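Residue numbers (numbering that gives the first Met the number 0), protein chains in the order written: chain A, 0 to 465; chain B, 0 to 382.
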Amino acid sequence: MTGLLFTFVYVCYLLIMGIGLRIASLYVIGYTIHTRRLSGLLAHGFFIGLFAHVALLNGLQLFNLSNGANTLIIGGLAIIFAVVIGYYHFRGLSLIHKSKNRKQQLIIFALIVLASLLIFYNSHNVPNLAWDTWTVWIARAKQWYYHGLSAEFVQPDQWLIQSKALLNLSSHYPDGLSLIVYPIVVFNDTIKPGLLGLYLTAYGLLVLLVSNRLEKLGAPFILRLFLVLVMYSTPLLINHILLPGYADIWLACYILLIMLVLLDYNDQPKRGLRLTIIAYALMLPMLKLEGWAWLLIFFFSHTLIMWFGIKQRLIILAVLLSAFIFWFLLGGISLSTPWGPLNITPAEINLFNKAYLSFAFTPVTDALINGIFWQFNWSLLWFGLPFLLFYMVLKNHNKAQQVSHLFFMIAFITYLALFYLTPAAKYALDFTAVNRILLQLMPCYIFLIFTLLTSLFNPKKTDGLV
Amino acid sequence: MTTSARIVSYWLITGLLLITVSLVINWQQKNQGQAIDHHASPINLTTGLDIPRGRYYQIDGIFHVDMTGTTRLEIPIKDIPENPTRHDTLVIKGLNSHPHIKLFWQWQTPESLNTTPYQYQLNGHRQSINRLPTDWRNSTEITQLNLIIEADITLGFVNNYDTEVSWQSIELLNHSDINPMQQLASELNTFVPLNFVSLNLHSSNHELVYRNFLIRLGFWLSLAVVLYLIMKPPAIHLLLTLMLAWFAVTAVYAYNFTRQVSSHNIRFTNNDSALNKIDQRVLEVANQVNNAIQKDSQHPSAAKILIIGSDQFEKHRLKYYLLNHNTGIVNTIDDILKTLDNNNSYTILLEPLLSLCTKEPNLGGTVTLKRLVLDKDYCLVRL
């Protein structure tokens, strides 16, 4: 019960940080603060709040302050943002506007709460057993709690010969997830219920946002009900909530959030939404190393679609493809420099011995097919892929939709290339990474499938200019 | 064609497609494995198990295995039948087991004699129908054949030592003798527990328990979508088809989910969420180590603690509880020797290295250590 109470307080803190930051930053820059639906305000407030929290704590790590001083700063800032929200409210300005279909919205909300309660009921007795969670991510938060937020982490070899640095096997990973866990560790030693509550809240708010977006696209109510069912009965997504503490589902949330806000921006190009997209995009590399790959893919997709017309895009893609073929046939670039070898060849990439990746084909088809179709990780969802690809290619879509389509296609090809062509193949064969990386794309994929279904009911609404 | 005619035709053909897909897959499954001798008669192994005296008994045609006091029984098949791999399916009828019991079919071939034997986890359903893997079907000679019964007594099942497993019969037979729908029902009833160690997979590659179900539904659904694109009935009918398929899968998922709930309730009700009850002893060790270091060290929070031992769970949990110090796990004695220069460094020796601590703690050569605590399952030394 204490854990749940703490979740409530933590979610309130995140909402204050998110909504307060939005009001304050838009006011300072001089942008208009538009109203949102209550669900949109809370959901975006929560996710921007998480971004603000992680960015703030990442910043505080530079100053080597005590935990008490850090808590004072964080608390002080939260109070300032609460005052900002209060001031805005008492000036008679509103942050929300009413939904059109309040009854439908209430039913969707009630179903999300019901599904969350079922997950909670299944998971509340289960101890925090997910191995990586407590050995790595929560462990790092505990190390900050005991040794300060600025503690240095190293790998085992360096740790043995250094006297002060702490050992954590994730020392080369971004701090985001552990920083999200950090307040739970500081205020509540029984981490699991607090973590479970936080994951359920985040996932519920994400489902609510997707439902809102489908409603805007003209999806019938039954389709939105079906969305809730799909989101809460896709086995591996739910497993990640039943055993909370992994970063992948956060990454999945932020990838989808970028797509949703981009669509909002396409509807009404409010300048504040640009900042929201930047915040969500920045959150990706703050959570996991893969975040850099998703961020680059998003940046490429966005630039190609938004800045260039169809002919220009085809020329750019043709140039890139020719460069790739040329590079492949010539055997790539191999240079000896004073800083070490610089090899970018079809066999390997070696950047001055600082980053190294070798390429070799490994047949991982069986493992991929088992992971995607037969292990019951994703239920029947991947049977929709061919139809989605046809829908992406054969129909006209607005630019924001094109960005999400291109992002998904490049991300999926990257996923396949990673496991077919690099040493990561071993993680596909023993299933240690193949499903987890796919999970990061799943909410985005589910959303795209549902836009396809929506287009069947309301073909005009989803079509747009190319 | 009018809209109503298209709708009626769509549903009729969709229904026919479901039956056709099921029949085709049934036929295809029955004809898999041409090398199998389809005329070979079943081999009954029920009374051919070499179980220690007193552990195996029969009441009213039900055979019971008593697991009292043990967590693992390796039961050899007494007289291995000639060429058993001509049968590709192992069926345990009337299996009565528990969620924490796992059954495995284990075999050894002349080629694998000096290596790890082959092992296949069996389905825990009441009618346990197990299509044995390719490795079994490719084995030409079997030198050893075992049925393994394992009780998972960790993580909350600690008091469950008096388990009993029972069955009506154990038979090796051909897959073509099994009704595919009966096998499907058996698979759909299989309990899939929540995977604790890692979230990478929902069920392991070898289990793939719902594969046959998903193949049928997935192909049917794909054909139904193609049919929709050809016949173009109103979109709601496609959505209803999708929902129908999804409900079928979700029903299986929900059934397994409810079984997970009851399993967790039995297993973890008395445990708090921080694993304390599960690793109570580790927590006690951590508290003792904490006290000893508080007394011995001038800078306890900066004390470097190296943990060495073989049990991964024990080592990692101990590290987790000692993160108020500069704690880490090491793998070799050489790693410990690298920290000799640090006068605020401690080592916790766990099994099987406890013997290094029994007399004068010694890591080899001239390196002697100050022993701070020696307990039955750990030893704390200062370097």
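Think of the CB as a built atom: it goes at the ideal place given N, C-alpha and C, for glycine as much as any other residue.
Note that this is a predicted model, so its numbers are computed, not measured.
- The Cβ atoms of ARG223 (chain A) and LEU236 (chain A) lie no closer than 8 Å to each other.
- In the DSSP assignment, ASN255 (chain B) falls within the unbroken alpha helix (DSSP H) covering 234 to 267.
- The beta carbon of ALA247 (chain B) sits closer than 7 Å to the beta carbons of LEU216 from its chain, once the five residues preceding and following it are set aside; these are given in chain order.
- Boundaries of the alpha helix (DSSP H) harbouring TYR414 (chain A): 398 to 420, taken from the DSSP string.
- For PHE360 (chain A), the CB contacts under 8 Å within the same chain, skipping 5 residues up- and downstream, are TYR419, LEU420 in chain order.
- Leaving aside the five residues that flank ASP134 (chain B) on each side, the residues in its chain whose CB is nearer than 6 Å to its CB run, in chain order, TYR117.
- In this model, GLY123 (chain B) and SER40 (chain B) are separated by some 25 Å (Cα to Cα).
- Between GLN259 (chain B) and SER185 (chain B), the C-beta gap is not smaller than 8 Å, which leaves the two residues out of contact.
- As a beta-bridge residue in DSSP terms, GLN120 (chain B) pairs with B:PHE103.
- From the beta-carbon of LYS337 (chain B), the residues of chain A found nearer than 8 Å are LEU159, ILE160.
- Within chain A, the C-beta atoms nearer than 9 Å to that of ARG210 (chain B) come from ASN369, PHE372, TRP373, GLN374, PHE375, in chain order.
- By the Cβ neighbour-count rule, MET0 (chain B) is exposed, with fewer than 16 other Cβ atoms within 10 Å of its own.
- Our two residues, THR84 (chain B) and THR139 (chain B), have alpha carbons roughly 7 Å apart in a direct line.
- With respect to chain B, the C-beta atom of TYR419 (chain A) has no partner C-beta closer than 8 Å.
- At a beta-carbon threshold of 9 Å, the residues of chain A lying near TRP245 (chain B) are PHE225, LEU228, VAL229, SER232, SER378, LEU379, ordered along the chain.
- Sequence-distant Cβ neighbours of SER122 (chain A) in its own chain, meaning closer than 6 Å and more than five residues away, are LEU195, LEU241.
- Counting every other CB atom within 10 Å of its CB across the protein chains shown gives ASN63 (chain A) a total below 16, marking it as exposed.
- Pairing ILE347 (chain B) with LEU368 (chain B) gives a Cβ-Cβ distance that is not under 8 Å.
- Put simply, the segment 184 to 192 of chain A touches the segment 113 to 129 of chain A. At least three CB pairs are less than 8 Å apart.
- Beyond the five residues adjoining it in sequence on each side, PRO422 (chain A) comes within less than 7 Å, by CB distance, of SER357 in the same chain, given in chain order.
- In the DSSP assignment, GLU283 (chain B) falls within the unbroken alpha helix (DSSP H) covering 279 to 295.
- Contact annotation for ALA234 (chain B) against chain A: LEU455, PHE456 [CB-CB distance below 7 Å, chain order].
- Per the C-alpha coordinates, the member of A:GLN103, A:ILE73, A:ILE32 positioned closest to HIS88 (chain A) is A:ILE32.
- One thing to note: LEU168 (chain A) has its Cβ no nearer than 8 Å to the Cβ of ALA150 (chain A).
- When secondary structure is reduced to three states using DSSP, GLU186 (chain B) falls in the helix class.
- According to the DSSP assignment, PHE220 (chain A) belongs to the alpha helix (DSSP H) that extends over 220 to 230.
- Residue B:GLU81 holds the alpha-carbon nearest to the alpha-carbon of THR142 (chain B) among B:MET180, B:SER96, B:GLU81, B:SER344.
- Taking a Cβ-Cβ cut-off of 7 Å, the neighbours of TRP133 (chain A) in chain B comprise TYR319, given in sequence order.
- Excluding its 5 nearest sequence neighbours in each direction, GLY48 (chain A) has C-beta neighbours in its own chain below 8 Å: TYR12, LEU13, LEU14, ILE15, MET16, GLY17, ILE18, LEU20, listed in chain order.
- The Cβ-Cβ distance between THR200 (chain A) and PHE407 (chain A) does not fall below 8 Å.
- The C-beta of HIS298 (chain B) comes no closer than 8 Å to any C-beta of chain A.
- A straight line joining the alpha-carbon of LEU387 (chain A) with that of SER221 (chain B) spans about 12 Å.
- Of all C-beta pairs linking the segment 324 to 335 of chain B to the segment 294 to 313 of chain B, three or more are shorter than 8 Å, placing the two stretches in contact.
- In this model, HIS315 (chain B) and ALA138 (chain A) are separated by some 10 Å (Cα to Cα).
- TYR252 (chain B) is a Cβ neighbour of SER232 (chain A), given a cutoff of 8 Å.
- Under the three-state reduction of DSSP output, ALA301 (chain B) falls in the helix class.
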